[in-house]
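Single-structure report; data block below.
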């Protein structure tokens, strides 16, 4: 496949056609373009052009386009559509995607939009999904699935399945429930086709099936599905009733978003921003962390001010403060990143105490090697052995403490139910800068006997 | 599902049973445990115990277990198996997983192992896959797929499909090829079942199908599959022949690994390590970046040494060097992270020049706000307005340069075909530390007229 490449020329062409109201030509030009690509095009258009295009194209295509648009673009387009037009789009979508769109609509039109949906069963399913927290398995799942009762015969089962499968884009599994809708297991299509038609489902179903609870966190669902290589997983409520199904394509999005969020937090970017967002949005996402860093730096300055009387005699010590701060920051970020990643992947076993001891030993080993290099450098450069020793020994202490803080902070936050990812990046760097410089001067002072 | 939780007790129980050679009990205890969980258990056992368990359990389970094990554990277990035993495991696996294992075997036994595989077609497919670069679509794909010729009739097609489907765990699509094996399109099962049996496939297939080239990078395949919500994608060679198929579960692993790698690079961890790896492995992954940081710090010390004559008179300037270094580092990491993420997701549009101008404006805005805060702080603290102005103006310059370097470096590396992710983390922090301190002292000196 030559992947679709969005060009300025193509967008220009589309804009031209929209301006001249060339509906038929637009329709045939975009016919062969995938909806995800049409969404990319529309993201680049202005509001009127975008609305025109959405109204022009078939709703079985535009409904999918809507789900792929940037949030703000979708919001402005929906603002230009009537409740009936929105309902037509929802009609074409799977319940999970439809519910996501309804959840974004202004509260006052939700009821009207829902009432315009002709398929009442579909409308009911969408409303059901609105009840679930966005950040849960319930918020991810769709109502579309193939479900049979253990009390049915094979004949009835096949007939019912055919009707249900009409609404399901891809049938991954056939789920078996009892008369109270409790999930009992799954059915192998092969078994279904090889037994006599009078057989009851309860005699042939497979009682083993992976499932998740509606309240499960999306990250947990992602872990389970990727660990067990599942392409779909049924979702049950608190008493075990089958209420929906999550497919792997939704999980791929969860994994991507999770990774991006952690990465941005580690880099000191607190909101979901992209390089193409406005300067103002980017500033809001970045400035808070920079201000934190500024306060940290001011704290470091005040601490150093407290050792000002050493300035004239031990100038060399002051030359190395950026080095000390940088090493403390780097070690802290390394330690915390490993812990954050381990927590995210459930890799971490063993107690917190053991982990801290290991990190201290690791930091000690790294510290000794780095201190040896620094000792040689400083001694040769300044020719003052005792100062070189003082700086190097302090460096070891600083690294050990930084490793400890970097390990302890995310573990502690995790225990408290706070996302440990906030402990990486500027937060850990800043606190380690201050700690590091304080430790450095105190130890150096002791060694030099000042 | 109550997800499987690996406990010390359970491992103890397993070890006990292994020691007492209780084969039947082990077998029944682990029967209901998913292979991914068995792999977790075996990762915790010693080499002899692990080998015993692999030899004990059925090879249709152990083959899957092998694919899930940690690399080093798998290597040591395979070292204890005969070529025939390894061949039996490979026999049970899909070709892509089998090829991955063969690629890890010592070169001298590969031929013997392959020759022990009874299914010669399977052996041939595995050997074919060994030709492809691990870091390409060819290295990810499996040979298992359902493929029909456009020249067949429906009758012949159904018969052939049935035979092929035997070897395919999950049939996602039926691919249509011509007599030269060139991929032509795909077949809808529904269409196949509703036309007369004498119809030729060429009359009913859908000529539109997404595919990737064997040489495509895994990240690109992941992007295409997740953008278009595909659960499987066919792979073609340079002349368009259908050679394999990639399924979404392999892509989920690619996305995870990619995200982890970028995250670790940003944190200054250069190898694929986990919190539970040995201190030595962790040191090897972390020390190089720390040494880089050490050199950076030493460089900063030398630069500051060049301004030593200012020490006694402009002490305040020196108190703020950690702040300057920290701000330069933070801004650099923020800018580079946004660019790296944008490049990874193909978000970036427009020219490099525009992007640099935007980043400079952004840095200027952030810099002005931060400088204003710092000016107030320093002025109040030290009561020396001119020094406060000098420090604050320098801060603006430092932030702008840091933003520029943070934006330019990943874009430049990307243009040169180097992974821009290495530009985040310690690399950018360290270079910005040095740059920052140099700029700071030069500008402060100019302003204070020293």
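Residue numbers (the working numbering), protein chains in the order written: chain A, 3 to 452; chain B, 3 to 452. By construction, the Cβ of each residue, glycine as well, lies at the ideal position given by its N, Cα and C atoms. These numbers were taken from a predicted model, which means no experiment stands behind them.
Residue i: contacting residues in chain A (beta-carbon distance under 9 Å)
i: residue 285 of chain B; result: 364, 367, 368 and 371
i: residue 376 of chain B; result: 296, 299 and 300
i: residue 254 of chain B; result: 224, 227, 228, 231, 250, 253, 254 and 257
Helix, strand or coil at residue i according to DSSP, with G and I counted as helix
i: residue 372 of chain A; result: helix
i: residue 161 of chain B; result: helix
i: residue 170 of chain A; result: coil
i: residue 97 of chain B; result: helix
i: residue 119 of chain B; result: coil
i: residue 234 of chain B; result: strand
i: residue 151 of chain B; result: strand
i: residue 316 of chain A; result: coil
i: residue 36 of chain B; result: coil
i: residue 186 of chain A; result: strand
i: residue 20 of chain B; result: helix
i: residue 258 of chain B; result: helix
i: residue 404 of chain A; result: helix
i: residue 67 of chain A; result: helix
i: residue 246 of chain A; result: strand
i: residue 211 of chain A; result: coil
i: residue 271 of chain A; result: coil
Distance between beta carbons of residue j and residue i, contact taken as under 8 Å
i: residue 415 of chain B; j: residue 404 of chain B; result: Their Cβ separation, rounded to whole angstroms, is 17 Å, which puts residue 415 of chain B and residue 404 of chain B out of contact at 8 Å.
i: residue 193 of chain B; j: residue 206 of chain B; result: 5 Å
i: residue 325 of chain A; j: residue 373 of chain B; result: Not confirmed; about 25 Å, so no contact.
i: residue 360 of chain B; j: residue 281 of chain A; result: 7 Å
i: residue 13 of chain B; j: residue 43 of chain B; result: 6 Å
i: residue 454 of chain B; j: residue 412 of chain B; result: Limits of chain B in this structure are 3 at one end and 452 at the other, which puts residue 454 of chain B out of reach.
Within chain B, partners of residue i - CB distance below 8 Å
i: residue 344 of chain A; result: 276, 277 and 278
i: residue 64 of chain A; result: Those within 8 Å of residue 64 of chain A in chain B number zero; the least Cβ separation is about 16 Å.
i: residue 435 of chain A; result: 324 and 328
Own chain, CB closer than 8 Å to residue i, minus 5 neighbours either side, in chain order
i: residue 239 of chain A; result: 215, 216 and 245
i: residue 72 of chain A; result: 45
i: residue 104 of chain A; result: 92, 112, 115, 116, 128 and 132
i: residue 182 of chain A; result: 243
i: residue 221 of chain A; result: 256, 260 and 346
Same chain, Cβ closer than 7 Å to residue i, neighbours up to 5 away in sequence not counted
i: residue 370 of chain B; result: 398
i: residue 58 of chain A; result: 25, 28 and 29
i: residue 85 of chain B; result: 111, 114, 115 and 118
i: residue 377 of chain B; result: 390, 391 and 394
i: residue 78 of chain B; result: 49
i: residue 439 of chain A; result: 302, 305, 306, 323, 326 and 327
Contacts that residue i makes with chain A (C-beta to C-beta distance below 8 Å)
i: residue 291 of chain B; result: 332 and 336
i: residue 431 of chain B; result: 328, 331 and 332
i: residue 426 of chain B; result: 269
i: residue 164 of chain B; result: Ordered by position in chain A, no residue passes the 8 Å Cβ test against residue 164 of chain B, which lies about 12 Å from the chain.
i: residue 439 of chain B; result: 324
7 Å Cβ cut-off: residues of chain A touching residue i
i: residue 113 of chain B; result: Per Cβ cutoff of 7 Å: no residues; residue 113 of chain B is ~30 Å from chain A at best.
i: residue 43 of chain B; result: Within 7 Å Cβ-Cβ: nothing; residue 43 of chain B doesn't reach chain A, min ~12 Å.
i: residue 262 of chain B; result: 343
i: residue 379 of chain B; result: 300
i: residue 288 of chain B; result: 336 and 368
Neighbour list for residue i in chain B, Cβ cutoff strictly below 7 Å
i: residue 281 of chain A; result: 360, 363, 364 and 367
i: residue 339 of chain A; result: 265, 266, 269 and 271
Under 9 Å by beta carbon: chain B residues contacting residue i
i: residue 414 of chain A; result: Going along chain B, no residue has its Cβ under 9 Å from residue 414 of chain A, so there is no contact; the nearest lies around 15 Å.
Same chain, Cβ closer than 6 Å to residue i, five either side skipped, listed in chain order
i: residue 189 of chain A; result: 176, 178 and 207
i: residue 365 of chain A; result: 401, 402 and 405
i: residue 130 of chain A; result: none
i: residue 166 of chain A; result: 148
i: residue 37 of chain B; result: 63, 66 and 67
TODO: Compile a chain-ordered list of the residues in the stretch 302-324 of chain B whose CB is closer than 7 Å to at least one CB of chain A.
DONE: 302, 303, 306, 307, 310, 313, 314, 317, 320, 321, 322, 323 and 324
Beta carbons nearer than 7 Å to chain A: which residues of the stretch 228-246 of chain B have them? 228, 229, 230, 231 and 233
request  = Closer than 8 Å, Cβ to Cβ, to anything on chain A: give me those residues from the stretch 11-38 of chain B, in chain order.
outcome  = 34, 36 and 38
message: Against chain B, which members of the stretch 103-130 of chain A pass a CB distance test of less than 9 Å?
response: Listed in sequence order: no entries.
Where the stretch 168-181 of chain A meets chain B: residues whose CB sits under 8 Å from a CB there: 172
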